[in-house]
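J.: One structure, pasted below without further comment.
Protein chains: 4
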Amino acid sequence: MQDVRFWSGEPCFDIAHLAHVELLTPALDESVRFFVDILGMTVSARRGNSVYLRGWDDYAHHTLKLTAGPVAAMEHFAFRTSSPEALERRVAALERSGLGLGWIEGDEGHGPAYRFRTPDGHIVEVLWEVDWYQPTPETRPALKNQASRFPARGCNVRRLDHINLFAVDVRASRLALQDYLGLRLTEIIIFDDGSEKGSWVTSNNKGYEVAITEDATGTPGRFHHVCYAVDTREEVLRAADIMLESGVRIEYGPHKHAIQQTVFLYVYEPGGHRVEIGCPGARLVLAPDWKPVVWSQEERKRGQAWGLPTVATFHTYGTPPV
Amino acid sequence: MQDVRFWSGEPCFDIAHLAHVELLTPALDESVRFFVDILGMTVSARRGNSVYLRGWDDYAHHTLKLTAGPVAAMEHFAFRTSSPEALERRVAALERSGLGLGWIEGDEGHGPAYRFRTPDGHIVEVLWEVDWYQPTPETRPALKNQASRFPARGCNVRRLDHINLFAVDVRASRLALQDYLGLRLTEIIIFDDGSEKGSWVTSNNKGYEVAITEDATGTPGRFHHVCYAVDTREEVLRAADIMLESGVRIEYGPHKHAIQQTVFLYVYEPGGHRVEIGCPGARLVLAPDWKPVVWSQEERKRGQAWGLPTVATFHTYGTPPV
Amino acid sequence: MQDVRFWSGEPCFDIAHLAHVELLTPALDESVRFFVDILGMTVSARRGNSVYLRGWDDYAHHTLKLTAGPVAAMEHFAFRTSSPEALERRVAALERSGLGLGWIEGDEGHGPAYRFRTPDGHIVEVLWEVDWYQPTPETRPALKNQASRFPARGCNVRRLDHINLFAVDVRASRLALQDYLGLRLTEIIIFDDGSEKGSWVTSNNKGYEVAITEDATGTPGRFHHVCYAVDTREEVLRAADIMLESGVRIEYGPHKHAIQQTVFLYVYEPGGHRVEIGCPGARLVLAPDWKPVVWSQEERKRGQAWGLPTVATFHTYGTPPV
Amino acid sequence: MQDVRFWSGEPCFDIAHLAHVELLTPALDESVRFFVDILGMTVSARRGNSVYLRGWDDYAHHTLKLTAGPVAAMEHFAFRTSSPEALERRVAALERSGLGLGWIEGDEGHGPAYRFRTPDGHIVEVLWEVDWYQPTPETRPALKNQASRFPARGCNVRRLDHINLFAVDVRASRLALQDYLGLRLTEIIIFDDGSEKGSWVTSNNKGYEVAITEDATGTPGRFHHVCYAVDTREEVLRAADIMLESGVRIEYGPHKHAIQQTVFLYVYEPGGHRVEIGCPGARLVLAPDWKPVVWSQEERKRGQAWGLPTVATFHTYGTPPV
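Protein chains in written order, with numbering that gives the first Met the number 0: chain S, 0 to 321; chain D, 0 to 321; chain Z, 0 to 321; chain Y, 0 to 321.
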């Protein structure tokens, strides 16, 4: 467990935060309706086969891009750096890593981005230039320190919280994010045989921005879920009520994770992606010398915080489905 | 408003977080009882005339030090750096600033600290070495990613959130924190005559860790309040119920601040200090290019978020009282 | 205080609950939009100049009837009896009272109703026959023990909670409701000179269904407010957020009443009526020998539960405005 | 289903509410500590081998009596009538029923009570005379419309909500409560073969005060659980946190029942009884012509509201254990 460290090397603050995720969906219209009507997000833009969305307190143009595709899959996700110089440093590191794929010109809502591939095959972008969301008369907030108006619709999700990757080799992908992007490891599952079953990494004071968990099907590069945050645990319960009323299948929860203590609800959006409505509360990782919390095989047998066993599909269902 | 910038210079991550505050109280025993029985904090240590306390998810040995004194006053507060090297850099900057006071050996729970004085006269420490809280059998948490056991007592405050300084010259003290410590300015009140009435600065993703507001009595170097965070707004209301039952005077709230949107409750502890129980919810400042939100004189006339006028004592009552 | 009794005579269960209220509004369309979009109610029917509405868990066809009128006023409110026989008994008592006005044929959603006038001049109906709300495909709930689907829109008010009458003679109107309808008195304000300033009466386990408070303008028969209930105090705070975003004027709150302990938010709907979003929580008056809680002049000086003074308009603003 | 009626005969209001329950426990001291320290209840009196307890807003001397016994069992539970005359009427009906056992003199906190036996063998008392709880200086509430001070300890349960009986013949016991006490049936489970698997009855506006469910072990007269109410669903989640921290075994939940929609948490107290912390929210059954909600075998297969399957022990574990 020599490599189980909060910081992979020197403290590094080059990555500011998880910026967005692009999901391919075979049911674009239904997926958009799900995120808008049920989750309470708003559409920032439409271009070609893509729709750009955000939660009411996401400051950026979008945090979710939905694109029509033949099958549900995560096309890429992105991190924003802390400065233009930080982007240069990260690109240099990635180029040395052998994982680099090169630059793209940009997209709606952001400028040039450097792409790389995780050892498991997920596409990741790092970028600096981002358009701030400009409220319309309908979305202008009453308080100007808020990105846009509280929608009072559906689950009213506040902001992108984190994503969860499926990986065949959790350790390799986790180390890549630590070594080349400077992310910090906050919690980890290591089984008795030394295998790394899950890792939670972050670039800031959130407990995690990317979770990587083992794909029991052995398929590389798949996606587990995206999570949008609400302020209270009560809102997670309310989300469950709304899913029930809307006929959306609840896979798991509401309950509280032992790891990271997020109160969660997992559902499937119409395109097939797993989506979490989660509440981190006021929990933050502020310590600059946090020791990664290592969960053993024995400890993970206890299920989630309040005793619910982990649902079997959590280890096998991802997108694209296999 | 040339100096109204998120970062004073280059992005700087040398300060990790607000670490602790030391309050002098003329009623030490009653103050300890207030923080333990009513706020739900626990005592980590007692030494001489001082008692060291923390909230159940504060990772450090203590975040509050109460010391017997002739009159209520804030003796000092402290920031923890991101690394030993970051501490060296900050000390070098402070020594150049002319505000430096020099090193102290340390205290219960932390190692050597460098002291300086804000332009208004508040004593501040920066330090790296900190003891992590070691739970006792009574305070050991069920989940090992939590600093200690949820107390199920009183207001159950989770962690130190922020402090509010009173200042005669808000701008000078704010710039000192930005220029020498690298803190970021997230919100600010500037009146029509250009005077800076309040500033909110942070070293991390919290919206603020230090607020500085103008002392209408013109007395330099006073203290406004310390705030401990709870997870939900409901817990702030429950805190109000508990204050009512306990005969603790509620000065202001529960209500929601327009600035930073914290749901707040202000009370007086037995020594005379103003204490806030506050809920930041899931709100974070993640943008590395946040533009400080500037509130005008006209806008501040509207009172707090839901319309409550600011209580008059907010501009005049601080510790030590005058 | 000889007449300050929970039961005016023998225990009487002839009235089951507050059934509905009809409000005249000079801005019908805007009022409907307020109750539908902001409060989250649904329209059951429209007839002539009237629109019938209900909260998502109101079992009846409607609990609110909005009718276009030249000025905001409460046209009438209604109680439902426990049985047809109970209706006959109440009508017999009302006919003896000298307050009776006679039968009306019925209205959308209910059958014949007997009308009477309170001593202060408010029109009241008692009735038995009521149509249960029949959900449409859009409003059909997932759980069949719920009146209709949770709307996930605006404040999501659950059900009619209570109304507040303004009266010149609080005692006379309160006694009429106790003597002829058999309502129970749970709380009361009596000033040092013996004058009754407010009374709270109920027909069931709710702490109150009708509040009667003194109209300081001396105008008889006016209306103070109607209250719709939400499940949690957090939802009252959320309602305040929504009012702020919607530009709806908050008159008072959120805060907690000392009397009845309701957590409240008071706003004005576009027609001019005061509307409360209130949370009674799990509080019930179950004791069959409850002793009315008598609040003195001195006690009322303390303001509401957490210390907020009663807003001045609470004693003078009613509908119709004077 | 001829007998599936809300009212068994004419509307009857003779029973006011569920009054108390006496539980025998083989671990009296530990059971008392559980209800005091973890649930947040207070002790009103101790007499012989019995301890009398209540929640902070229970108006009566006690709602729970714990008595040392060789094995966990429910000794009896009690209803309070609406008046002395109502008690006479109920006793007369019970004497005619053949289920009557006769009068007992009374107990700490209440006067004479008439005892009867349900067809399944549970002992039930009906009584009128009850002592109101008299607060001590330590338990005196700040607001006099509240039974006692909010404890700010453990789960802070507010009041007795309901009990759940196990029965071999659900229908027989349910009809006895309807026919002789005048309780109302609000919800019921009837399987395809016509067998009644569960019934929920009430004497007031609460959705239920007594649930009767089938004991799959075929043992007559056992007890399923007692439930204490909290105000919010968040408090149920907090209770789960507290159980986790206290090492109390969570059997089931937190989740939301489909039937009655109570948000629940089931745990075992040290004596072996199942205890629920439940949140009914603002839900009330106000309709005097409520139609009992009939759940079919097919519908019950869907599990609880948000999809959690019913835990197997729910059909077999009761007290005394078999």
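We put the beta carbon where it would ideally sit given N, CA and C, even for glycine. Predicted model only: the values in this text are computed from it and were never measured.
DSSP puts S:G101 in a beta bridge; with which residues?
T.: According to DSSP, S:G101 bridges with S:R114.
J.: The ligand SAM and D:I276: does the residue's C-beta get closer than 8 Å to at least one heavy atom of that ligand?
T.: By its list of ligands, the structure shown contains no ligand whatsoever, and the ligand SAM lies outside what it can speak to.
J.: Using a Cβ-Cβ cut-off of less than 7 Å, give me the residues of the stretch 245-261 of chain Z that come near chain D, in sequence order.
T.: From the stretch 245-261 of chain Z, only I249, P253 have a Cβ closer than 7 Å to chain D.
J.: Flag S:Y113 as yes if its beta-carbon sits less than 9 Å from any beta-carbon of chain D, otherwise no.
T.: For S:Y113, the answer is no, since every Cβ of chain D falls outside 9 Å of its Cβ.
J.: Does D:R88 come out as helix, strand or coil in the three-state DSSP assignment?
T.: Helix at D:R88.
J.: Output the distance between the C-alpha atoms of Y:K242 and Y:I37, rounded to the nearest integer angstrom.
T.: Correcting the residue type first, residue 242 of chain Y is Met in the shown sequence and not Lys. Whole-angstrom Cα-Cα distance: 8 Å.
J.: Verify whether the separation of the beta carbon atoms of D:V209 and D:L17 is less than 9 Å.
T.: Cβ atoms of D:V209 and D:L17: closer than 9 Å.
J.: Taking only runs of the alpha helix (DSSP H) that begin and end inside the stretch 21-49 of chain S, which ones reach a length of at least 4 residues, in chain order?
T.: With a minimum length of 4 residues, the continuous alpha helix (DSSP H) runs that stay inside the stretch 21-49 of chain S are 27-32.
J.: Going by Cα to Cα distance, which pick from D:M40, D:Y227, D:T117 is closest to D:D168?
T.: For D:D168, the nearest C-alpha among the options comes from D:T117.
J.: Using a beta-carbon distance below 9 Å, is D:A151 in contact with chain Z?
T.: Judged by the 9 Å Cβ criterion, D:A151 is not in contact with chain Z.
J.: Using 9 Å as the limit for Cβ to Cβ distance, is Z:T231 near chain D?
T.: So yes, Z:T231 belongs to the interface.
J.: Could you list the residues in the stretch 290-310 of chain Z with a C-beta less than 7 Å from some C-beta on chain Y, going in chain order?
T.: Here the close residues are V292, A304.
J.: Please state whether the Cβ-Cβ distance between Y:F12 and Y:S202 is less than 9 Å.
T.: Contact flag set, yes.
J.: Classify Y:N144 as buried or exposed, calling it buried when 16 or more other Cβ atoms lie within 10 Å of its own Cβ.
T.: With 16 or more Cβ atoms within 10 Å of its Cβ, Y:N144 is classed as buried.
J.: Compare the C-beta of Y:P118 against all C-beta atoms of chain D and say whether one is closer than 9 Å.
T.: No, Y:P118 lies away from the interface with chain D (no Cβ there is under 9 Å from its Cβ).
J.: Rank S:S43, S:T41, S:Y58, S:R46 by C-alpha distance to the C-alpha of D:W289 and give the top, closest one.
T.: That would be S:Y58, whose Cα lies nearest to the Cα of D:W289.
J.: Is the separation between the beta-carbon of Z:V156 and that of Z:G246 shorter than 9 Å?
T.: No, they are not a contact pair.
J.: The alpha helix (DSSP H) with Z:L332 in it runs from where to where?
T.: Since the first and last residues shown for chain Z are 0 and 321, residue 332 of chain Z lies out of range.
J.: From S:L285 to Z:A141, what distance separates their C-alpha atoms?
T.: Computed Cα separation, rounded: 43 Å.
J.: Have a look at D:D214 and D:H314 and give me their C-alpha separation to the nearest angstrom.
T.: Approximately 6 Å, taken between the alpha carbons.
J.: Select from Y:W131, Y:L236, Y:L182 the residue whose C-alpha is nearest the C-alpha of Y:Y207.
T.: Selected option, being the one with the closest Cα: Y:L182.
J.: Given S:L27, which residues of its chain have a CB within under 8 Å of its CB, disregarding the five upstream and five downstream residues?
T.: N48, V50, L65, T66, A67, G270.
J.: One question on the structure: do S:G317 and Z:A151 come within less than 9 Å of each other, judged by their Cβ atoms?
T.: Their beta carbons are not under 9 Å apart, which means S:G317 does not touch Z:A151 by this criterion.
J.: Would you kindly report the start and end of the unbroken beta strand (DSSP E) that includes D:V125?
T.: Counting along the chain, the beta strand (DSSP E) containing D:V125 begins and ends at 122-126.
J.: Could you check if S:D2 is buried or exposed, using at least 16 other CB atoms within 10 Å of its CB as the buried criterion?
T.: That one is exposed.
J.: When Cβ atoms are compared, which residues of the stretch 4-20 of chain Y fall closer than 8 Å to chain Z?
T.: Going along the stretch 4-20 of chain Y in chain order, one finds E9, P10, F12, A15, H16 with a Cβ nearer than 8 Å to chain Z.
J.: Return the Cβ separation of S:W199 and S:H254 in integer angstroms, given the expectation that the two are a contact with Cβ distance under 8 Å.
T.: Actually they do not touch by this definition, with Cβ atoms about 18 Å apart.
J.: Relative to the C-alpha of S:K196, which residue among S:G220, S:Y179, S:T216, S:R170 is closest?
T.: Nearest C-alpha to S:K196: S:R170.
J.: Evaluate contact between the stretch 219-233 of chain S and the stretch 271-278 of chain S, counting only Cβ atoms and requiring at least three cross-stretch pairs below 8 Å.
T.: At 8 Å Cβ cutoff, the stretches touch.
J.: Just the C-alpha distance for S:S147 and S:P134, rounded to the nearest angstrom, thanks.
T.: Roughly 6 Å between the two C-alpha positions.
J.: Which residues of chain Y have a Cβ atom closer than 8 Å to the Cβ of D:P140, listed in chain order?
T.: Within 8 Å Cβ-Cβ: E244.
J.: CA-CA distance, D:P10 and S:W131?
T.: Those two C-alpha atoms are separated by around 19 Å.
J.: Could you check what DSSP says for Z:V310 in three-state terms: helix, strand or coil?
T.: Z:V310: coil per DSSP, three-state reduction.
J.: Cα separation between Y:I122 and Y:T41?
T.: The alpha-carbon atoms of Y:I122 and Y:T41 are separated by roughly 25 Å.
J.: Take Y:G193 as the anchor and find which of Y:Q177, Y:E297, Y:T62 has the nearest alpha-carbon.
T.: It is Y:E297.
J.: Which chain D residues are close to S:S81, counting only those with a beta carbon under 7 Å from its beta carbon?
T.: Simply P10, P287.
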